[in-house]
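J.: The sequence shown lines up with residues 77 to 245 when you count with our numbering.
Virtual Cβ for every residue (Gly too), placed ideally from N, Cα, C.
Owing to the predicted nature of the structure, the values given are computational and were not obtained by experimental measurement.
Got a structure here, written out as structure tokens. Questions coming.
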Amino acid sequence: MNVHKNARLTPTGRARIVMQVESGQTPQAAARAAGVCPRTVRKWVARYRAEGLAGLADRSARPRTVHRPAQLLVVDAIIALRRQRLPGKPIALRAGVSAATVSRVLKRAGLRRMKDLEPAEPVRRYEYADPGGLIHIDIKKLGRAELDKRGASAVIPPKRSDAPEFLRL
């Protein structure tokens, strides 16, 4: 038995409060004396009456059921229905499984979104046969430049907003 360090009741303490209730004390009084809520006392008394002293032992916290992977036929049916562009809930209804199972299968197959069904766009590349034959120029618009002390001057047209601005360094 592995009782954690903050446990209010050990199996011995549980037996003590059960015997107090069985001898006529109220669950509220037994709970107050043990420092737990009356609901906890009623839970342990019910387990004692159903299973005896063995019901007061610690129980495993492991889940009673474990996730089983979907069968291969179901997985194939889900993927086939998705390729017909059906959303998740109708797939779940037709395949006879839960929506969570459909989501898990579609994620594993890489078909979670509808756009995953379309083929990816090819990358557009451009090449030139001769080295140095293709000139690539990047243009960047700069903000309005101010005059500074080191001689950089900006040519800014006074009133025309559509005229270009230049910066000479």
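For Gly131, which residues in the same chain have their Cβ closer than 7 Å to its Cβ, ignoring the five residues on either side in sequence?
T.: Cβ within range, chain order: Arg123, Tyr124.
J.: Excluding the five sequence neighbours on either side, which residues of its own chain have a C-beta within less than 7 Å of the C-beta of Ala107, listed in chain order?
T.: Closer than 7 Å at the Cβ level, and outside the excluded window around Ala107, lie Cys113, Pro114, Thr116, Val117.
J.: By alpha-carbon positions, which one of Arg138, Arg140, Arg90 ends up nearest to Trp120?
T.: Here the closest residue by C-alpha is Arg90.
J.: Spatial neighbours of Leu193 within its chain, please: CB distance less than 8 Å, with the 5 preceding and 5 following residues excluded, ordered by chain position.
T.: Correct list, in chain order: Arg158, Arg159, Arg161, Leu187.
J.: On the DSSP letters alone, give me the boundaries of the alpha helix (DSSP H) that Gly89 sits inside.
T.: Note, Gly89: alpha helix (DSSP H), 87–98.
J.: Give every residue of the same chain whose Cβ lies closer than 7 Å to the Cβ of Ala146, excluding the five residues on either side of it in the sequence, and list them in chain order.
T.: Excluding sequence neighbours, Ala146 sits near Val173, Thr177, Val181.
J.: Could you check the C-alpha separation between Lys183 and Val79 for me, to the nearest Å?
T.: Going from the Cα of Lys183 to the Cα of Val79 covers about 40 Å.
J.: I need the straight-line Cα distance from Leu210 to Lys191, nearest angstrom please.
T.: Approximately 35 Å, taken between the alpha carbons.
J.: Within its chain, find whatever has a CB closer than 7 Å to the CB of Ala185; leave out the 5 residues flanking it on each side and keep chain order.
T.: Taken in chain order, the residues that qualify are Ile155.
J.: Put Glu194 into one of helix, strand or coil per three-state DSSP.
T.: Correct three-state label for Glu194: coil.
J.: Could you tell me if Ile93 is buried or exposed, where buried requires 16 or more neighbouring beta carbons within 10 angstroms of its beta carbon?
T.: The residue is buried, with at least 16 neighbouring Cβ atoms inside 10 Å.
J.: Let me know the secondary structure DSSP gives Tyr202 once reduced to three states.
T.: DSSP places Tyr202 in coil when its eight states are reduced to three.
J.: State the DSSP-derived secondary structure class of Phe165, mapped to helix, strand or coil.
T.: Checking the sequence shown, residue 165 turns out to be Lys, not Phe. It is helical.
J.: Under 9 Å, do Ala110 and Arg84 count as touching if we go by C-beta distance?
T.: Yes, these two residues count as a Cβ contact at 9 Å.
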